[in-house]
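Peer 1: Sharing a structure below in structure tokens format, with a few things to ask.
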Amino acid sequence: MTSPQTRLARSRRRARGHGELLRGDPLEAEHAAGLYRAQRRRAVLALVLLFTLLFGLTAVFAVFPALDEIRLLGIPLSWLALGVLPYPAMVLLSGWHLRRAEHVEEQ
């Protein structure tokens, strides 16, 4: 059973809605909305690059199955590339995206 306070808190949260800007100066709200749109565009590009990296690696090894025969320390190159390569690439991608998002805020 849910307590009355929990039901009240949930109903208030639903009533507020998502993505609602704080009420106040219309210029600040417009500026915040512009920042949100600019950062969302940059985030979409970062996500596209991330999916390209992950699915691209998989596609490369599907197209060139001979790469699976190459072994490094007894482990197939495809396993190493799929298990190790994405993580440093994701760290670099996240740092790049963070710099771009901060650049938008500084303008």
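Quick note on UniProt numbering: the sequence shown kicks off at 1 and runs consecutively.
Even glycine gets a Cβ: it sits at the ideal position worked out from N, Cα and C.
None of these values were measured; they are calculated from a predicted model.
Compare the Cα-Cα distances from leucine 92 to each of Arg37, Leu53 and Glu28 and report the closest residue.
Peer 2: It is Leu53.
Peer 1: Quick one: residues in its chain with C-beta nearer than 6 Å to the C-beta of serine 78, no 5 flanking neighbours on either side, listed in chain order?
Peer 2: These residues qualify, in order along the chain: Phe61, Leu67 and Asp68.
Peer 1: Would leucine 82 and leucine 57 qualify as a contact pair, given that the criterion is a beta-carbon distance under 8 Å?
Peer 2: Yes, the pair counts as a contact, with Cβ atoms nearer than the cut-off.
Peer 1: Taking 7 Å as the line, does the beta carbon of proline 76 fall inside it for any heavy atom of the ligand FAD?
Peer 2: This structure simply doesn't include the ligand FAD, nor any ligand for that matter.
Peer 1: If we call anything under 8 Å between Cβ atoms a contact, is leucine 35 one with glutamate 105?
Peer 2: Against a cut-off of 8 Å, the Cβ pair of glutamate 105 and leucine 35 comes out as a contact.
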